[in-house]
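Note that the working numbering numbers the sequence shown so that position 263 is 324, with each residue one more than the last.
Below is one structure, written out as structure tokens, with a few remarks after it.
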Amino acid sequence: MNKKINQSIAFWIFRLLGLLVVGLLFWILGFIIYNGISVINWEFLTTAPSDGMTSGGIFPAIVGTCCLMAGSVVVAFPIGVMSAIYTNEYAGNGKIVKFIRIMTNNLSGIPSIIFGLFGMTLFVNSMGWGDSIIAGSFTLGLLVLPLVIRTTEEALKAIPDSFRTGSYALGATKLQTIRRVILPMAFPNILTGLILAVGRVSGETAPILFTAAAYFLPKLPSSIFDQVMALPYHLYVISTSGTDLEATRPMAYGTALVLIAIVLLVNLLASTLRRYFVKKVKTN
């Protein structure tokens, strides 16, 4: 009887904690929507800021954010996936692989501002790229690389070894097995890591502060070596050091709402792709 009572109490505590987290999330979203929806219009989404960023829109910042997100994915995704394939499928469980995994986990705990300083030293100064999309993309790609590697490794480990041995028994090589069997089955879970990576990249301010973002640049980039505006840095500037904080406060809430909407749309797109590949794997 006491066990049932304790179990019931524990379940109710877990339910309350779950409801608290969900309620806090909806409260934050509701607060941002309530304060930011009034400035969301076609002009706000399609024009550049003006009058010291107290009026106009955030279109250059939207484009810059999308460029940095896409660039970081292009950098981190292939490197992370190939690294995970090597450590899980080829390298075994030796001391070197264990050391690599420990270092990968440690790398994921480094503050983002350290990545920003590293990116400024290597990509901006040493390689001569300057403050640019490519410098910011490589910096953000390095920032989320440990996350992509770990999630890809877990996705590969989840595939039973019977599929590998069955493929070998049919005469397939290791590379053919990985390309035709393992990767298609693990790809839906690999996409989960990509979703998490994109979500983290979209809100980072410190790395792009040193490598890519401009305070005020009311024009679109023409190449990957151009500096850009970005929503996180734009939000930080108009919230803390703008020319008129009271006038820009509604724009700050509107910028935050647009940033959340972009992350939500990217996650929905990735989730849709994940469900598609899951169904494709099951039908095959």
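Where a beta carbon is used, it is the ideal one built from N, C-alpha and C, also for glycine.
- Secondary structure at Ala216: helix, using DSSP grouped into helix, strand and coil.
- For Ile93, the CB contacts under 8 angstroms within the same chain, skipping 5 residues up- and downstream, are Tyr314, Ala317, Leu318, Ile321 in chain order.
- Distance from the Cα of Ile256 is smallest, within the candidate group Arg240, Met130, Thr107, Ser187, for Met130.
- Spanning the alpha carbons of Val262 and Leu292 requires a straight line of approximately 11 angstroms.
- For Pro110, the secondary structure class from DSSP, reduced to helix, strand or coil, is strand.
- For the options Tyr95, Ser302, Leu231, the alpha carbon positioned closest to that of Pro311 is the one of Tyr95.
- A direct Cα-to-Cα measurement between Val327 and Val259 gives close to 8 angstroms.
- Cβ neighbours of Val135 within its own chain (closer than 8 angstroms, five residues either side excluded): Ser198, Gly202.
- Within its own chain, the residues whose Cβ lies closer than 6 angstroms to the Cβ of Gly264, once the five positions on either side in sequence are excluded, are Pro293, listed in chain order.
- Taken in chain order, the complete alpha helix (DSSP H) segments of 4 or more residues contained in the segment 175–249 are 194–218, 222–230, 235–238.
- Straight-line measurement puts the Cα of Met290 at about 16 angstroms from the Cα of Asp112.
- Cβ-Cβ distances below 6 angstroms link Val142 to Thr213 in the same chain, with the five nearest sequence neighbours on each side left out; the list follows chain order.
- Around the C-beta of Ile119, 16 or more other C-beta atoms lie within 10 Å, and the residue is accordingly described as buried.
- Counting only residues of its own chain and dropping the five nearest sequence neighbours on each side, Thr200 has a CB closer than 7 angstroms to the CB of Phe176, Gly177, Gly180, Phe184, Pro268, Thr272.
- Its chain contains Gln237, Thr238, Arg241, Val242 as the residues whose beta carbon lies nearer than 8 angstroms to that of Ser228, once the 5 sequence neighbours on both sides are disregarded; these appear in chain order.
- Comparing C-alpha distances from Thr226 to each of Ala219, Lys218, Lys235 shows the shortest one belongs to Lys235.
- DSSP, reduced to helix, strand and coil, places Ala274 within a strand of the structure shown.
- In this structure, DSSP gives Gly84 a helical state, which the three-state scheme calls helix.
- Between Gly191 and Phe338, the C-beta gap is not smaller than 9 angstroms, which leaves the two residues out of contact.
- In this structure, DSSP gives Gly315 a helical state, which the three-state scheme calls helix.
- By the neighbour-count definition (other C-beta atoms within 10 Å, threshold 16), Ala71 is an exposed residue.
- Across the structure, Gly125 and Leu168 are spaced so that their CA atoms are roughly 26 angstroms apart.
- In this structure, Leu244 sits near Ile146, with a CB-CB distance shorter than 9 angstroms.
- Sequence-distant partners of Asn149 (beyond 5 residues in either direction) whose C-beta falls short of 6 angstroms from its own C-beta, in its chain, are Glu214, Leu217.
- Sixteen is the threshold: since fewer than 16 other Cβ atoms of the shown chains lie within 10 Å of the Cβ of Ile157, the residue is exposed.
- DSSP places Leu292 in the uninterrupted alpha helix (DSSP H) bounded by 292–301.
- Straight-line spacing of the CA atoms in Leu281 and Asp222 works out to 50 angstroms.
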